[in-house]
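Colleague:
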Amino acid sequence: MPAKPNILIVKPDQHNARCMGINGHPQVKTPNIDALAADGVHFPRAFVQNPICSPSRMSYLTGQYVHNHCVYGLSGNETLPPVLPSLFSTFKAAGYRTGVLGHVHVKEDWLKPHCDMYRPFHGDETDAYNKYLEARGRQREDIEWKELSQILDACPGELSFEDSAEGYALTCFDEFLNARPDGAPFLFQIDAMHPHQCYIPAKQFWNLYEGAHLELPPNVHDDMTNKPPNQQKMQAWARAGGYTVFEPKTLEAARLRKLRGYYGCVSQVDHMLGLARRILKDRGLEENTIVIYCSDHGDMAMEHDLPEKAPGISYDAILRTPFIWAWPAGGFQQGTVDELVESVDQFPALCTLAGVRPPDTIDGIDISPMLRGDHTPVRDCVFAEFPWSRTIRTDEWLLCHRPLGMYREGVDDGELYNVKDDPWQMNNLYHDEHCRDIREQLRRRLFDWILQSTRYCNTWPHLPQGADGKSDPHELRRQLAEGGPWEIGYT
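Numbering (the working numbering), first residue to last: -8 to 482.
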C-alpha cells in the first residue's frame, strides 16, 4: 500500500447533487463525474455544514463545525487564530507539496503561507487569471458584466473553454506539477468557479442542451404554504421576473434558460475533471492519486421556483452535495456507500489514507473504512448551521430550527419535512400536531449536538474522547465520577 498518495480535490462552487448522471438525473450530462464514481466510491448522502461559500469551505479545510471555526460570513474575512490547523498546513508539514486555486474564498493570510501555489480568482482585478486573459487579449466575462456580476439569468459565453476559469485551472495544475520535485507527494485543490453564477458556460457546453426538452423539478410549482416569509418573498420576486436579464423575459422562458445555463456550467466543470484526470494519467500519476469530487454547497436549480442557493438552510438541494472518491492503488471497494456523511469527515479520512497525523482540532469522523468496504454507519444524523438557524437531518426527517419571532413577532417559523415521504420538501409539518414528538426529539438532538461538539476556549474544554477517538459523554461521566480533571477548576 503506497504510504504517501498524491491528492487532487476538485471542488466546484454550487453543485446540486441531484444534477449528475450518477444520481439519476435524466438530462444533465456528466460523463466524467459518472466515470469517477464508477472507478471509485460514491457517497450519495453527503451533506455540508453551511449553505454558503466561506463557512462551508472553512469546514472542509479545518474539519470543524461552523460554531467552532466561527466563520459565518460570506467574505471569509473573520479573524482566525494563526495556529488553527488547515488541511494544507497539516499536509505541508508532512512533506507534501501543496497548491490551491480558484474560488478559494477564505482568509488569505491564514491559508496562503501553507501553499506552494496560491492563486485565488476573487479579489482585485490584477490576479493571475486576469493577467492570463490579458496576455491572450481577452477579459473575464464576470468582470465585463460587473454591474451584473451575480446575475441569475443565463446565456452562452464568449470565452472558449481554454480561456474559461476551468480551462485556466488546468493550465495552473500542469504548471504546479512541472514545478514539483521528483517523487514529492502533492495535495492540489481546484476550487472551480462554476456552476455558480454567472451562468455563462462556453458555447460548446451551452450547445449540449440545444433543443433539449428540459424538465422542471416537480416542486417548481410549490406555493410555499406554511413556509417562512423570506422564502415566500424570494419566490414572489423570482416569479415577477426579478432575475431576468435576457429575452424572452417570460417566467417559463427564464426558468428553462436558467436550467440550460446551470447544466452547461455543470458540464463544463465535468469536462475539466476529465482533463485533470487525463493529465494525471499522461504523467503516470493516476494510480497513486486520490481524486475527490465535492462541492461547497448546492443550488436550487429551480426547485421551489427559486433561481439559486438562497434561502437554502432547510433544503437538500443546497445542503446535499457530490462526494466521490477514487484511488486505484488504494484498495477502495468500488461502489456506493449509502450512509450519511459530512464535509468535516474529508480531512480525517485523508490523514488516515496518507499516513499523516491529524490535528486534534478536527470534529469530523474518519470515513476511510467506508472507502475500503466497511459500510458500518458512523452517523445517524447530520447538521448544518447559519447564524440564526440550525438544521438536523436524519434518514427520514429534516428539522430547521429558528428563534421564535425571527421573521414575525410571536411566530415560530421552523420547518419540518419527512424527507422519505416528501423528498422534494414541499409539505412543512412543523406545526402538525401528529409530528410534535418527532419535532421535539429532533430539537433535543440538535441542542445536545451543539453542547457536546462546541470547543469552548475560555470556560469548559471540549467533550473528552473515548478509545475510538469520538466524543463520548460516558467518558465525561466517568471522569466526573472520579473527580478527575473535568471537575477541577470548573466547579
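Positions of the beta carbon are idealized from the N, C-alpha and C atoms, including for glycine.
(1) Would you say T312 reaches chain B, if we count a Cβ-Cβ gap shorter than 7 Å as a contact?
(2) If you count every other CB in all the chains shown that lies within 10 Å of the CB of Y421, and 16 or more means buried, which is it?
(3) With distances taken between CB atoms, is the gap from K194 to P239 smaller than 7 Å?
(4) Let me check understanding here. Comparing Cα to Cα, which of R434, C61, V211 lies closest to L407?
(5) Which residues in the same chain as A229 place their Cβ atom closer than 7 Å to its Cβ, once the five residues preceding and following it in sequence are excluded?
(6) Got a sec? Which residues, its chain only, sit under 6 Å from D261 by beta carbon, not counting five neighbours each side?
(7) Would you mind sorting P46 into buried or exposed? The rule is 16 or more other CB atoms within 10 Å of its CB.
(8) Taking only three categories from DSSP, how would you classify E376?
(9) Checking 7 Å against the spacing of the C-beta atoms, do Y56 and S334 come in under that value?
(10) Determine the contact status of Y190 and A145, defining contact as a CB-CB distance below 7 Å.
(11) Taking its Cβ as the centre, do 16 or more other Cβ atoms sit within 10 Å of K300, making it buried, or is it exposed?
(12) Alpha carbons only, please: which of D413, W316, S286, F112 is nearest the one belonging to M49?
(13) Within the same chain, show all residues whose beta-carbon is closer than 8 Å to that of R370, passing over the 5 residues directly before and after it, in chain order.
(14) To the nearest angstrom, how far is it from the Cα of G322 to the Cα of H425?
(15) Starting from Y408, follow the beta strand (DSSP E) in both directions and report where the run begins and ends.
(16) Can you name, in chain order, every residue of its own chain whose Cβ lies under 7 Å from the Cβ of I358, other than the five neighbours on each side?
(17) Rounded to the nearest angstrom, what separates G90 and E431 at their Cα positions?
(18) I need the DSSP call for L360, collapsed to helix, strand or coil.
(19) If distances are taken between C-alpha atoms only, which option among G64, A26, N59, A37 comes closest to I43?
(20) DSSP three-state label for R246, please.
(21) If you draw a straight line from the C-alpha of L276 to the C-alpha of L102, how long is it?
(22) Could you check if A29 is buried or exposed, using at least 16 other CB atoms within 10 Å of its CB as the buried criterion?
(23) So for L150, helix, strand or coil by DSSP?
(24) C391 and T382: beta carbons closer than 7 Å?
(25) Can you tell me the Cβ-Cβ gap for T312 and A8, rounded? I've got them flagged as a contact below 8 Å.
(26) I need the DSSP call for F177, collapsed to helix, strand or coil.
(27) Which residues in the same chain have their Cβ closer than 8 Å to the Cβ of L161, if we skip the five residues on either side of it in sequence?
(28) Return helix, strand or coil for A170, following the three-state DSSP convention.
(29) Go through its chain and collect everything with a Cβ distance to P378's Cβ below 8 Å, but skip five positions before and after it.
(30) Among the candidates L250, N210, T235, whose CA atom is the shortest distance from the CA of N198?
(31) Could you tell me the distance, in whole angstroms, from the CA atom of G303 to the CA atom of Y398?
(32) Closer than 7 Å by C-beta to G475: which residues in its own chain qualify, once you throw out the five before and the five after it? Chain order, please.
(33) What residue does the beta strand (DSSP E) around R427 start on, and which one ends it?
(34) Please classify L395: is it buried, with 16 or more other beta-carbons within 10 angstroms of its beta-carbon, or exposed?
(35) Is DSSP giving H212 helix, strand or coil here?
(36) What would DSSP say about I270, mapped onto helix, strand or coil?
Modeller: Reading from the atomic positions:
(1) The structure shown contains no chain B, having only a single protein chain.
(2) The count along the sequence shown starts at 1 and reaches residue 421 at position 430. Under this definition Y421 is a buried residue.
(3) Position 203 of the sequence shown, counting from 1, holds the residue named residue 194. Position 248 of the sequence shown, counting from 1, holds the residue named residue 239. A distance of 7 Å or more separates the beta carbons of K194 and P239.
(4) Sequence index remark: in the sequence shown, residue 407 carries index 416 (1-based). Checking every option, the nearest Cα to that of L407 belongs to R434.
(5) In the sequence shown, residue 229 corresponds to position 238, counting from 1. Sequence-distant partners of A229 (beyond 5 residues in either direction) whose C-beta falls short of 7 Å from its own C-beta, in its chain, are D296, L297, P298.
(6) Taking the sequence shown and counting its residues from 1, the one referred to as residue 261 is at position 270. For D261, same chain residues with a beta-carbon under 6 Å away, outside a window of 5 residues either side, are T21, N23, I24 in chain order.
(7) Locating residue 46 in the sequence shown gives position 55, counting from the first residue. By the 10 Å Cβ count, P46 comes out buried.
(8) Start at 1 with the first residue of the sequence shown, and residue 376 comes out as number 385. E376 falls in the strand class under three-state DSSP.
(9) The sequence position of residue 56 within the sequence shown is 65, counting from 1. The sequence position of residue 334 within the sequence shown is 343, counting from 1. Result no, Cβ atoms of Y56 and S334 do not sit closer than 7 Å.
(10) Within the sequence shown, numbered from 1, the residue matching residue 190 stands at position 199. Within the sequence shown, numbered from 1, the residue matching residue 145 stands at position 154. Yes. Within cutoff.
(11) For the purposes of this step, residue 300 is taken as the residue at position 309 of the sequence shown. K300 comes out buried.
(12) Along the sequence shown, read from residue 1 onward, the residue named residue 49 stands at position 58. Answer by Cα proximity: S286.
(13) On the sequence shown, position 379 is the one that residue 370 refers to. Within the same chain, and ignoring the five residues on either side of R370 in sequence, the residues whose Cβ sits closer than 8 Å to its Cβ are E330, L331, V332, E333, I356.
(14) Along the sequence shown, read from residue 1 onward, the residue named residue 322 stands at position 331. Along the sequence shown, read from residue 1 onward, the residue named residue 425 stands at position 434. Using only the alpha carbons, I get a separation of about 47 Å.
(15) What you label residue 408 is simply residue 417 of the sequence shown in a count that begins at 1. Per DSSP, Y408 belongs to the beta strand (DSSP E) from 406 to 409.
(16) Indexing the sequence shown from 1 puts residue 358 at position 367. Closer than 7 Å at the Cβ level, and outside the excluded window around I358, lie V332, D336, A340, V369.
(17) The residue you call residue 90 lines up with position 99 of the sequence shown. The residue you call residue 431 lines up with position 440 of the sequence shown. G90 and E431: Cα-Cα distance of roughly 45 Å.
(18) Within the sequence shown, the letter at position 369 stands for residue 360. Checking the sequence, you will find Pro at residue 360 rather than Leu. Note: P360 maps to helix in three-state DSSP.
(19) In the sequence shown, residue 43 corresponds to position 52, counting from 1. The residue with the shortest Cα to Cα distance from I43 is G64.
(20) In the sequence shown, residue 246 corresponds to position 255, counting from 1. Correct three-state label for R246: helix.
(21) For the purposes of this step, residue 276 is taken as residue 285 along the sequence shown, with counting starting at 1. For the purposes of this step, residue 102 is taken as residue 111 along the sequence shown, with counting starting at 1. The straight-line gap from Cα to Cα measures roughly 26 Å.
(22) Here residue 29 refers to the residue found at position 38 of the sequence shown. Counting Cβ neighbours within 10 Å, A29 comes out exposed, since fewer than 16 surround it.
(23) Taking the first residue of the sequence shown as position 1, residue 150 is located at position 159. In this structure, L150 counts as coil in the three-state DSSP scheme.
(24) Sequence index remark: in the sequence shown, residue 391 carries index 400 (1-based). Sequence index remark: in the sequence shown, residue 382 carries index 391 (1-based). Closer than 7 Å, so yes.
(25) Counted from its first residue, the sequence shown places residue 312 at position 321. Counted from its first residue, the sequence shown places residue 8 at position 17. A8 and T312 do touch by the CB rule: their CB atoms are close to 5 Å apart, below 8 Å.
(26) Position 186 of the sequence shown, counted from the first residue, corresponds to residue 177. Residue state, collapsed to three classes: strand.
(27) The residue given as residue 161 occupies position 170 in the sequence shown. M263, L266, A267, I270, listed in sequence order.
(28) Along the sequence shown, read from residue 1 onward, the residue named residue 170 stands at position 179. Here A170 sits in coil by DSSP.
(29) Reading the sequence shown from its first residue, position 387 is the one you call residue 378. Contacts found: Y63.
(30) As a working note, residue 198 is residue 207 in the sequence shown. Of the candidates L250, N210, T235, the one whose C-alpha sits nearest the C-alpha of N198 is L250.
(31) Taking the sequence shown and counting its residues from 1, the one referred to as residue 303 is at position 312. Taking the sequence shown and counting its residues from 1, the one referred to as residue 398 is at position 407. Cα to Cα, G303 sits roughly 16 Å from Y398.
(32) Translated into the one-based positions of the sequence shown, residue 475 becomes position 484. Confidence at G475 is low in this model, with a pLDDT of 45, below 50, so the placement of that residue should be treated as unreliable; the coordinate-derived value is given next. Answer for G475: no residue qualifies.
(33) As a working mapping, residue 427 is identified with position 436 in the sequence shown. Segment 427 to 444 is the alpha helix (DSSP H) holding R427; no beta strand (DSSP E) there.
(34) What you label residue 395 is simply residue 404 of the sequence shown in a count that begins at 1. By the 10 Å Cβ count, L395 comes out exposed.
(35) The residue given as residue 212 occupies position 221 in the sequence shown. Reduced to three states, the DSSP call for H212 is coil.
(36) Along the sequence shown, one-based indexing puts residue 270 at 279. I270: helix per DSSP, three-state reduction.
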